[in-house]
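Enquirer:
Protein chains: 2
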Amino acid sequence: MTRISIRDVAIHAGVSVGTVSNVLNRPNLVAEATRERVQASIGELGFVRNETARQLRQGRGHVLGVVLPSMTNPHFTEVGRAAEAAMNADGFDALWCTSDGSREKEQRCLDFLEEQNVSGVLISPLDLGEERVAELHGRGLAVVLLDRIGVRACSVAADHRAGGALAARHLLTRRHRRLAIVTGPLSARPVRERHHGAARAALDAGLSRHDVTTFEQAEMTAAAGQAAAVRLLGLDPLPTGVFCGNDLLAIGLVNELVRAGVKVPTEISVVGYDDIDLAATAVVPLTTVRQPRVDLGRTATELALAETGDPEHHDHRQVVLSPELVVRESA
Amino acid sequence: MTRISIRDVAIHAGVSVGTVSNVLNRPNLVAEATRERVQASIGELGFVRNETARQLRQGRGHVLGVVLPSMTNPHFTEVGRAAEAAMNADGFDALWCTSDGSREKEQRCLDFLEEQNVSGVLISPLDLGEERVAELHGRGLAVVLLDRIGVRACSVAADHRAGGALAARHLLTRRHRRLAIVTGPLSARPVRERHHGAARAALDAGLSRHDVTTFEQAEMTAAAGQAAAVRLLGLDPLPTGVFCGNDLLAIGLVNELVRAGVKVPTEISVVGYDDIDLAATAVVPLTTVRQPRVDLGRTATELALAETGDPEHHDHRQVVLSPELVVRESA
DNA sequence: GCAAGATCGTGAATCGTTTCAAGCTGCGCT
DNA sequence: AGCGCAGCTTGAAACGATTCACGATCTTGC
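Chain order of the listed sequences is A and B. Position one of the first sequence corresponds to residue 1 (the numbering used here), numbered consecutively onward. Position one of the second sequence corresponds to residue 332 (the numbering used here), numbered consecutively onward.
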């Protein structure tokens, strides 16, 4: 069976296609009686608007792309959820894509979104060149960078440097003098900034370079955290305070420490980052730096929607949100 | 600036639009020289195909919808990833939607996908009526049910009853005689089946109704697992073996038990379900029932693609995959 | 009785692609 | 020379919606 089109509805209701379209888009322009008749036909025939055709005509769809580096890190999916909720509230829908840590896949995602004619993109970029952003802009897409301050585009980011400092200072005020920092790949800007923030805070507090050793892991997963723990346990003397670049790392690390018989927080204290749901229910409930997830997501779509709304000249805004320390038991 | 269309390319290359389209879709039909000239123009102008228009013409896009109950449960996202990978290999793309546990949102997802003209839907349904499936079929969409055996549609499911039995039997052979089952909402079929499978295995092994107490939690999260643990610790005598309906529950539960000073597995043994990544790195590495995640995802898209391929009469297939016990330390 | 609005409805043009019947060339063959 | 054929290319007709200039009908006030 072929799909029901606006034309079928028009015939069934005995009106013109234009009128059906008006019922759909500007109901106030059509007389009560006709409107109801058309509505009835729509219901009876089970008509669903072909968004594809609508987009083609209108030039752009009511859809925003969301490109995240991973679906398995709850932090990102929560940000995305907040973003999506905000979109829905404005009649937009979200198209989710994952770059899965590969810059090539990231490009494929963007190609896909362009082809799908989305009106904007929220992206937490792996490695997005200035040119590509410009290209997207050139094609009329709104672009909002998540967690990356870009000069030529809107962006919303958490202040990772401050967050790292928050974590480190917490350890320092608790009299820890030998620190370890377990971090993800330093090639990623937010990761690097957390690290810098923490390291700088340590130095400012009078620690020397030797007092803080950093472990760079290729992934930011619990498994990587576990691996970091065994590396860390090889140190002598042991550090007493550890800052992990995200909660997954921290969870894997704490688990391994506990398994090895090390008491957390008495022998080693651990601070995580993100405050994902799992942090609160970890064996040792995790002290962590909370990112303003829903604010991040929400303002990202707000910026995107603002940009698509105002067609032409639009001032790119850089929103920076502050993280917050959540003290639980691990430090 | 307005988007570059196939027509612009045609003019730039000095050919007709038909030829450009041929270069794109049946390159073998066009002479080498022309093809190269067109390709050059495409590159030079930065043309991207408007998938929207293409879909409109072709009737259906090269896109499959994926509807999952949650983005925060790694099990589902991994299944989705496998499904997406299989699609990409066939030139299809995935559209991800989340029902977020709400049947209303589930319907919205399907509406969205219909509007977007996807050619099929993989759905792990919350509460999908027969009629809705029929409706989708009627509109020419392929439908593949994940984790739900439906007679009027293709489906691929893991054998949850067998999985539950696997878990319970593992505990039983280890001489546990007082069991607890921590489960998600029994209104969800897969959850119910895991429970049944486990309970039945216990009874078959000669346990009585009193020997196994079940805790039904509204959510299947670590937090819920934690809550279950405190309920469970109120029991007297304590059960010695616990089967959790998924790994997140198990992780939350184990963490809380450990925190309460209960030794796992010596005092209480715990078996999870899913074998998500976190299971292996938990404080007590989790013994769990592994679902064939990538097979699930892959065969789901295979079924969907087969259905869209063969236009008309197509025999719905029900694929059932077997789970597998992974023994670690928690039981 | 009539001009001027106001209110509704119409239908053709349009968006960017694919598809396909038909046209054009040049070549080999008789 | 004429024919048939293969290989390329063309251009117009769809796909299903939105938009908009224009008609048709109805009010209203004088």
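Cβ coordinates follow ideal geometry from the N, Cα and C atoms, glycine included.
Verify the CB distance criterion: does residue 74/A have a CB-CB separation below 8 Å to chain B?
Expert: To locate residue 74/A, count along the first sequence from 1; it is residue 74. At least one chain B Cβ lies under 8 Å of residue 74/A.
Enquirer: Helix or strand or just coil, what does DSSP make of residue 21/A?
Expert: Numbered from its first residue, the first sequence carries residue 21/A at position 21. Helix at residue 21/A.
Enquirer: Taking all protein chains shown into account, decide if residue 633/B is buried (16 or more other Cβ within 10 angstroms of its Cβ) or exposed.
Expert: What you label residue 633/B is simply residue 302 of the second sequence in a count that begins at 1. With 16 or more other Cβ atoms within 10 Å, it is buried.
Enquirer: Checking contacts by CB at 8 Å: is residue 353/B closer than that to chain A?
Expert: Sequence index remark: in the second sequence, residue 353/B carries index 22 (1-based). Chain A contact via Cβ: absent.
Enquirer: Which residues in the same chain have their Cβ closer than 6 Å to the Cβ of residue 166/A, if we skip the five residues on either side of it in sequence?
Expert: Reading the first sequence from its first residue, position 166 is the one you call residue 166/A. Counting only Cβ-Cβ distances below 6 Å, and skipping sequence neighbours, we find 289 and 325.
Enquirer: Run through the region 569 to 657 of chain B for me and flag every whole alpha helix (DSSP H) of 4 or more residues, listed as ranges in chain order.
Expert: Entirely contained in the region 569 to 657 of chain B, the alpha helix (DSSP H) runs reaching 4 residues are, in chain order, 578 to 590, 608 to 611 and 624 to 640.
Enquirer: Is residue 112/A helix, strand or coil when you go by DSSP?
Expert: Position 112 of the first sequence, counted from the first residue, corresponds to residue 112/A. The answer is helix: DSSP assigns residue 112/A an H, G or I state.
Enquirer: Going by Cα to Cα distance, which pick from 267/A, 37/A and 153/A is closest to residue 177/A?
Expert: One-based indexing of the first sequence puts residue 177/A at position 177. Closest option to residue 177/A, Cα to Cα, is 267/A.
Enquirer: Quick one, which residues of the region 589 to 614 of chain B are near chain A if we go by CB-CB under 8 Å, in chain order?
Expert: Taking 8 Å as the Cβ-Cβ cut-off against chain A, the residues of the region 589 to 614 of chain B that qualify are 589, 590, 608, 609, 611, 612, 613 and 614.
Enquirer: With a CB to CB cut of under 7 Å and the five nearest residues on each side skipped, what residues in its chain are close to residue 257/A?
Expert: If you number the first sequence from 1, residue 257/A lands on position 257. Once the five neighbours on either side are set aside, the close Cβ partners of residue 257/A are 229, 264 and 268.
Enquirer: Let me check understanding here. Comparing Cα to Cα, which of 255/A, 261/A, 252/A and 246/A lies closest to residue 276/A?
Expert: Within the first sequence, numbered from 1, the residue matching residue 276/A stands at position 276. Per the Cα distances, 246/A.
Enquirer: Report the residue ranges of all beta strand (DSSP E) runs contained in full by the region 176 to 228 of chain A; include only those spanning at least 3 residues, in chain order.
Expert: If we require 3 residues or more, the beta strand (DSSP E) runs fully inside the region 176 to 228 of chain A come out as 179 to 183 and 212 to 216.
Enquirer: In terms of residue numbering, what span does the beta strand (DSSP E) encompassing residue 486/B cover?
Expert: The sequence position of residue 486/B within the second sequence is 155, counting from 1. Segment 485 to 489, the beta strand (DSSP E) holding residue 486/B.
Enquirer: Under DSSP, the beta strand (DSSP E) around residue 123/A begins and ends at which residues?
Expert: Taking the first residue of the first sequence as position 1, residue 123/A is located at position 123. Run containing residue 123/A: 120 to 123, per the beta strand (DSSP E) assignment.
Enquirer: Can you name the residues of chain B whose CB is closer than 8 Å to the CB of residue 129/A?
Expert: By 1-based counting over the first sequence, the position of residue 129/A is 129. Simply none; closest approach about 14 Å.
Enquirer: Could you tell me whether the region 2 to 12 of chain A touches the region 45 to 55 of chain A, where touching means 3 or more Cβ pairs closer than 8 Å?
Expert: Contact holds: three or more Cβ-Cβ distances are below 8 Å.
Enquirer: Do residue 162/A and residue 197/A come within 8 Å of each other at the CB atom, strictly closer than that value?
Expert: Here residue 197/A refers to the residue found at position 197 of the first sequence. Here residue 162/A refers to the residue found at position 162 of the first sequence. Taking 8 Å as the Cβ cut-off, residue 197/A and residue 162/A qualify as a contacting pair.
Enquirer: By a C-beta neighbour count over all protein chains shown, 10 Å radius and 16 as the cutoff for buried, is residue 552/B buried or exposed?
Expert: As a first step, residue 552/B must be located in the second sequence, where it is residue number 221. Per the 10 Å Cβ criterion, buried.
Enquirer: Report the neighbours of residue 221/A on chain B: residues whose CB is nearer than 7 Å to its CB, in chain order.
Expert: Residue 221/A sits at position 221 when you count from the first residue of the first sequence. Under the 7 Å cutoff, chain B gives 608.
Enquirer: Taking the alpha carbon of residue 549/B as the reference point, which residue from 414/B, 627/B, 517/B and 350/B has its own alpha carbon closest?
Expert: Residue 549/B sits at position 218 when you count from the first residue of the second sequence. For the residues 414/B, 627/B, 517/B and 350/B, the minimum Cα distance to residue 549/B belongs to 517/B.
Enquirer: If we define contact as Cβ-Cβ less than 8 Å, is residue 46/A a contact residue for chain B?
Expert: In the first sequence, residue 46/A corresponds to position 46, counting from 1. Yes, its Cβ sits closer than 8 Å to a Cβ of chain B.
Enquirer: Tell me which residue opens and which closes the alpha helix (DSSP H) that residue 100/A is part of.
Expert: Mapped onto the first sequence, residue 100/A falls at position 100. That residue, residue 100/A, is in no alpha helix (DSSP H); it is neither H nor E in DSSP.
Enquirer: Under a three-way DSSP split, which group does residue 339/B fall into?
Expert: Counting from 1 along the second sequence, the entry for residue 339/B is found at position 8. Residue state, collapsed to three classes: helix.
Enquirer: How would you call residue 504/B, buried or exposed, if buried means at least 16 neighbouring beta carbons within 10 angstroms?
Expert: Reading the second sequence from its first residue, position 173 is the one you call residue 504/B. The residue in question, residue 504/B, is exposed, as its Cβ has fewer than 16 Cβ neighbours within 10 Å.
Enquirer: Does the beta-carbon of residue 583/B, which I'm using as the reference point, lie nearer than 7 Å to any heavy atom of the ligand FMN?
Expert: This structure does not include the ligand FMN; it has no bound ligands of any sort.
Enquirer: For the beta strand (DSSP E) containing residue 65/A, name the first residue and the last one.
Expert: Within the first sequence, residue 65/A is the residue found at index 65, counting from 1. 63 to 68 is the span of the beta strand (DSSP E), which, as asked, contains residue 65/A.
Enquirer: Where does residue 142/A sit, in a helix, a strand or coil, going by DSSP?
Expert: For the purposes of this step, residue 142/A is identified with residue 142 of the first sequence, where counting begins at 1. It is a strand residue.
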